[in-house]
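Have a look at the structure below, then the notes.
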Amino acid sequence: MGILSLKEDRPTPKEVYNWRVYLCAVTASIAACVIGYDSAFIGTTLALPSFTEEFRFADYDPDELALLRQNIVSVYQAGAFFGSLAAYVSSYFLGRRKSLLLFTVVFAVGAAIMLAASGSVGVGPIIGGRVLAGFGVGGLSNMTPIYISEISVPSIRGRLVGLYEMGWQVGGLVGFWINYGVNNTMAPTRSQWLVPFAVQLIPGGLLLIGALFVPESPRWLFMKGRREEAMKILCWLRMLEPDHVYIVEEVNYIDSDLERFRREVGAGFWKPFAALKSRRVQWRFVMGGLLFVFQNGSGINAINYYSPVVFASIGVRGTNTSLLTTGIFGVVKTVLTFVWLLYLIDHLGRRLLLMIGAIGGSLCMWFIGAYICVADVANSTNASGDLPPGGIAAMFMFYLWTAFYTPSWNGTPWVLNSEMFDANVRSLGQASAAANNWFWNFIISRFTQTMFNAWGYGVYFFFASLMILSVVFIFFCVPETKGVPLERMDRLFDIKPVRKANPIIMEELRQQEEEFRRNAGGVDFAEEKAEALQVENNKV
């Protein structure tokens, strides 16, 4: 099986790999552009001379300034924490599509409020607006992966959910570079720092328009008993007729899964909470949370939100040099996310990517921390921004860390959390995962600058140690979900040891497929493919 071959859960007609499902996934992923931009632009905006002068940062002592910066950054994550939980309520009553619309409007209002800030008014509108924008972003971070996962074909589910991460990186790339652009092309006035805040409204507006036209998740409609509407949308997404064997099988999977959960848990707003009594459901909630503990423990959000501080710790000096270095970091992340999305996530799988990324990233962090310790960068008098050979090596290791982290821990935890929960607890599970992400995001954004002030190079050793621990966690606890239908995740998580779970369940699915087709008398795509292959061999 080559690296470009897709691992299908059953013989799949080519019609299902169509533009409609990709277009819906891309449209929903604009939400990630909003999130990525907001995560990236704020750190470098706080470093713009026009911003620091307008709000008189020079009047603060170092500890007070660190607190102010951390508050401006972290209230966004605090809002997102509560928004991700609120999305469970909206998705249950309104559905996935209307929830996307609702939280986009909330975000846009928050982004508009930030534009009212000035030297005379103070940073109050920025802080208040970021709380509201964060609330909207939290809801979007819950809804988008669920929506994409529920409309996806299993064999390309990782790729489609990966579009969410791709959108995050595209938004982040713009966020990293925009301040370099305004710093070099605009006078250091209020307009200079307002531009990065105003650009937030562009992806927000595009998402608002796009969400008006995408269909509702057919799985959500089945769960609500709206079968006629669900069948119409499912057939539209798959470009197949209702009586096609692939549609019949997919609906059969959905119905049997929903029936089992109505029997074991029951339908209703509060019923998924009752499912938490089950140890296996509890474990998946814990696992989803731990994935984001280790993701944030890699150091990524310390870099996203405080990139000038991080690069200064290595020895990079000067505002423009720091902004340029940050922009290059954004380019590397975006390019490698394309590689992850197009080739790795649905071919190498989730487990292998996470373990390779953690081992390689940890080694890089150990090197960077050791260099800063030995070179005593904190007490260096170099003001030119030119790095010595050791500093250049440290910067190379930083970008190498980015190469390990981006195709592994950057988006894979979102993919895993979007697919490992059952239908009746999927929205609650994603709410828990997103809330965990934003909680640990908040912790990192709230205390990063304080950590660098107190620990120095020890921060890098801290992140390196957590990445090593994550390898142990993934190897023993996280099964491979690649190619497994959403409705078979319960069975996957029951198989032990976890490293053998995926091959076992894929073989079970193959046997069930053969039995189903024999009983249903449907078209045997596997037999057709074998005959076509034999014809080709005979020609050769």
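Positions 0 to 539 (our numbering) are the ones given, in order, by the sequence shown. Cβ atoms here follow ideal geometry from the backbone N, Cα and C, with glycine treated the same way. Quick caveat: nothing in here was measured; it's all calculated off a predicted structure.
Membership of Tyr146 in the alpha helix (DSSP H) is indicated by the continuous run 123-150. The residue from Leu22, Arg156, Val15 with its alpha-carbon nearest to that of Arg349 is Arg156.
The beta-carbon separation of Gly42 and Tyr304, rounded to 5 Å, stays under the 8 Å limit for a contact. Sorting Ile443, Leu22, Val483 by C-alpha distance to the C-alpha of Val213 places Leu22 at the top. Secondary structure at Ser117: strand, using DSSP grouped into helix, strand and coil. Note on Ala57: under 16 other CB atoms within 10 angstroms of its CB, so exposed under the neighbour-count rule. Taking a 10 Å sphere around the C-beta of Pro153, we find 16 or more other C-beta atoms and assign the residue as buried.
Distances from the alpha-carbon of Glu486 to those of Pro48, Glu248, Pro307 put Glu248 closest. Counting C-beta pairs closer than 8 Å gives three or more between the segment 289-303 and the segment 431-447, which meets the contact rule.
For Asp37, the uninterrupted alpha helix (DSSP H) run begins and ends at 18-44, by DSSP. DSSP, reduced to helix, strand and coil, places Asn70 within a helical segment of the structure shown. DSSP, read as helix, strand or coil, puts Asp375 in coil. The straight-line gap separating the alpha-carbon atoms of Val483 and Tyr456 is approximately 42 Å. In the displayed model, Thr103 falls within a helix according to three-state DSSP. Within the same chain, and ignoring the five residues on either side of Arg226 in sequence, the residues whose Cβ sits closer than 8 Å to its Cβ are Leu220.
Inclusion of Ile246 and Leu239 in the CB contact set at 8 Å is warranted, their separation being smaller than that value. The Cβ atoms of Pro388 and Val338 do not sit closer than 8 Å to each other. Between Thr103 and Leu236, the C-beta spacing is not below 8 Å. Asp489: member of the alpha helix (DSSP H) spanning 488-493, first to last residue. Distance from the CA atom of Val169 to the CA atom of Pro202, rounded to whole angstroms, is 11 Å. Using a Cβ-Cβ distance cut-off of 8 Å, the segment 419-429 and the segment 395-405 are not in contact, since fewer than three pairs of beta carbons, one from each stretch, lie closer than that value. Put simply, the backbone Cα of Tyr370 is about 27 Å away from that of Thr333.
Excluding sequence positions up to five before and after Ala30, its CB lies within less than 6 Å of the CB of Leu139, Thr143, Leu206, all in the same chain and listed in chain order. Here Ile391 is exposed. Its C-beta has fewer than 16 other C-beta atoms within 10 Å. The way I'd put it, the segment 428-440 does touch the segment 73-85; three or more beta-carbon pairs between them come closer than 8 Å. The alpha-carbon separation between Ile358 and Val309 amounts to approximately 21 Å. Boundaries for Trp339: no alpha helix (DSSP H) harbours it, and the DSSP string shows neither H nor E there. Excluding the 5 residues flanking it on each side, Ala463 has same chain C-beta neighbours closer than 6 Å at Ser361, Met364, Trp365, in chain order. Arg283 and Ile302 have their C-alpha atoms some 29 Å from each other. The beta carbon of Glu215 is closer than 7 Å to those of Gly94, Arg95, Arg96, Ile232 in its chain, skipping five residues each way along the sequence. Contact check for Leu386 and Met394: beta-carbon distance about 6 Å, within the 8 Å limit, so the pair qualifies. Taken through DSSP and simplified to helix, strand or coil, Ala186 comes out as coil. Taking C-beta separations shorter than 7 Å and ignoring five residues to either side along the sequence, the partners of Ala274 in its chain run Val264, Val280, Asn423, Val424, following chain order.
In this structure, the beta-carbon distance from Gly118 to Gly35 does not fall below 8 Å. Between Val315 and Leu162, the gap from beta carbon to beta carbon reaches 8 Å or more. Closest by C-alpha distance to Leu290, out of Pro412, Gly368, Leu343, Ala311, is Pro412.
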